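A.B. asks: Take this structure first; my questions come after.
Numbering (mature numbering (1 follows the signal peptide of the UniProt record, and there is no 0)), first residue to last: -19 to -1, 1 to 359.
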């Protein structure tokens, strides 16, 4: 509760810069442009283009709450067509043309630094951000919220510049959570520095109190320094908890952008502390259960065929029983329910494909004067 109150205070202190509409050729409605306080077009500014979810509209409000009002150009982007986005190389190219058009205009007129252009988005916008990061080599990074990874774009991106910053934020109860894990593996495999913040207890929604990790991430992208005093105080608070609570809190704390900023020694400190805690009798069994659960999530993410996913479902059935009264049981059960739902859907699709693949049965003639009934005529 204390942590949430601090964040509300921080976000509440931000007075968003005024936003204005901007008409762009190729878009059915204006986008939204928010310039930083005391904006000087002769100076160079980092920028973030934010893509809204299905049914939304161009907006800068939420991202501005996390960038602060001083350092960033924030653009609420729109799409070339209304409604859901379906990935094809042609569809993505249309959105990429708009991004480049807006970028080039703001470079000329507002001092946008094209080397420090980031993309972000929530839900459909999160998926879009990940695809644009693959497709546009000039992008500096992405903050993917309520989304993940599904499509490798064409042409395939072989690598990102080393340590390209990627932030992932997702509700732990969101159906896209496994795809966020997949994004972590995918972009990490391309060389990105990926930080993932999990919003416990949330489904497909953004935290009302905001995202601490996202705010830290934007601070670092703008050239700011980690708040080491705040990090130290939070670590001290955590290490004052009971062993099991310490261990659980440190698993989340180790993902914070400030903790992982260049030159920080926190990752090694936290790793050592976790290893120490996992020898504590109060933590040993929970740590084993956690690792088994994470392995199942990894297997789910890597599953390609129906039998692959069926093995995951069977393993979840075993794990949820063996979890007993663990604090992790409800979460394991929720993941099992999600996998069961996927299995039901995939089995139905498989049965439908088999039905469609059956050969057409032709009625044989009863005698030599009859013509077989045309099966295509109803």
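The C-beta atom is built at its ideal place from N, Cα and C for all residues, glycine as well.
All values reported here derive from a predicted model rather than from experimental measurement.
#1: Rank 305, 312, 76 and 219 by C-alpha distance to the C-alpha of residue 155 and give the top, closest one.
#2: Would you mind working out which of 290, 315 and 289 sits nearest residue 301, comparing C-alpha positions?
#3: Buried or exposed for residue 8, please, with buried defined as at least 16 other CB atoms from any protein chain shown within 10 angstroms of its CB.
#4: Kindly indicate which residue of 206, 234, 253 and 224 has the alpha-carbon position closest to the one of residue 244.
#5: Taking the Cβ atom as the reference point for each residue, do residue 134 and residue 123 lie within a distance shorter than 8 Å?
#6: Is it the case that the Cβ atoms of residue 194 and residue 236 are separated by a distance below 8 Å?
#7: Would you call the region 47 to 55 and the region 12 to 29 in contact, with 3 or more CB pairs under 8 Å?
#8: Just to confirm my understanding: we take residue 202, look at its own chain, exclude 5 residues before and 5 after, and list those with CB closer than 8 Å. What are they?
#9: Of the residues 102, 291 and 74, which one's Cα is nearest the Cα of residue 322?
#10: Grab the span of the alpha helix (DSSP H) containing residue 106 for me, first residue to last.
#11: Measuring CB to CB, does residue 126 end up less than 8 Å from residue 150?
#12: According to the Cβ coordinates, are residue 90 and residue 76 closer than 8 Å?
#13: Of the residues 284, 263, 219 and 95, which one's Cα is nearest the Cα of residue 324?
#14: Quick check: what's the CA-CA separation for residue 219 versus residue 197?
#15: I need the straight-line Cα distance from residue 242 to residue 330, nearest angstrom please.
#16: Just curious, the alpha helix (DSSP H) that residue 220 is in, first and last residue?
#17: Whose C-beta lies closer than 8 Å to the C-beta of residue 11 among residues of the same chain, with five residues either side of it excluded?
#18: Within a Cβ cutoff of 7 Å, which residues of the same chain sit near residue 319, ignoring the five residues on either side of it in sequence?
#19: For residue 176, collect the residues of the same chain with a Cβ closer than 6 Å to its Cβ; drop the 5 residues on either side in sequence, then sort them by chain order.
#20: Between residue 82 and residue 93, which are expected to be in contact by the criterion C-beta below 8 Å, what is the C-beta distance as a whole number of angstroms?
#21: Taking DSSP as the reference, what is the three-state secondary structure of residue 362?
#22: Apply the 10 Å Cβ neighbour rule to residue 276 and answer buried if 16 or more other Cβ atoms are within range, or exposed otherwise.
#23: In chain order, what residues of the same chain lie with their CB nearer than 8 Å to the CB of residue 298, ignoring the 5 residues before and after it?
#24: Can you give me the C-alpha to C-alpha distance between residue 262 and residue 199, rounded to a whole angstrom?
#25: Quick check on DSSP: helix, strand or coil for residue 285?
#26: Please report the distance separating the alpha-carbon of residue 286 from that of residue 293.
#27: Could you check how far apart the C-beta atoms of residue 184 and residue 152 are, in whole angstroms? I think they sit under 8 Å.
#28: What's the C-alpha gap between residue 216 and residue 225?
#29: Which residues in the same chain have their Cβ closer than 8 Å to the Cβ of residue 348, if we skip the five residues on either side of it in sequence?
#30: Please state the DSSP three-state secondary structure of residue 179.
#31: Quick one: grab the DSSP three-state call for residue 301.
#32: If you reduce the DSSP assignment to three classes, tell me which class residue 122 lands in.
#33: Which residues does DSSP pair with residue 2 in a beta bridge?
#34: Is the beta carbon of residue 267 sitting closer than 8 Å to the one on residue 307?
#35: Alpha carbon to alpha carbon, how far is residue 107 from residue 34? Give it in angstroms, no decimals.
#36: In three-state DSSP terms, what is residue 53?
C.D. replies: Looking at the coordinates:
#1: 312
#2: 315
#3: buried
#4: 206
#5: no
#6: yes
#7: yes
#8: 27, 97, 99, 121, 122 and 146
#9: 291
#10: 105 to 116
#11: yes
#12: no
#13: 284
#14: 19 Å
#15: 46 Å
#16: 209 to 220
#17: 2, 3, 4, 5, 39 and 59
#18: 156
#19: 148, 236 and 238
#20: Going by Cβ atoms, the distance from residue 82 to residue 93 rounds to 13 Å, so no, they are not a contact pair.
#21: Since the first residue of the chain shown is -19 and the last is 359, residue 362 is not available in this structure.
#22: exposed
#23: 317
#24: 39 Å
#25: coil
#26: 11 Å
#27: 5 Å
#28: 15 Å
#29: Because residue 348 carries a pLDDT of 45, less than 50, the predicted location of this residue cannot be relied on, and the following value inherits that uncertainty. None.
#30: strand
#31: helix
#32: strand
#33: 13
#34: yes
#35: 8 Å
#36: coil
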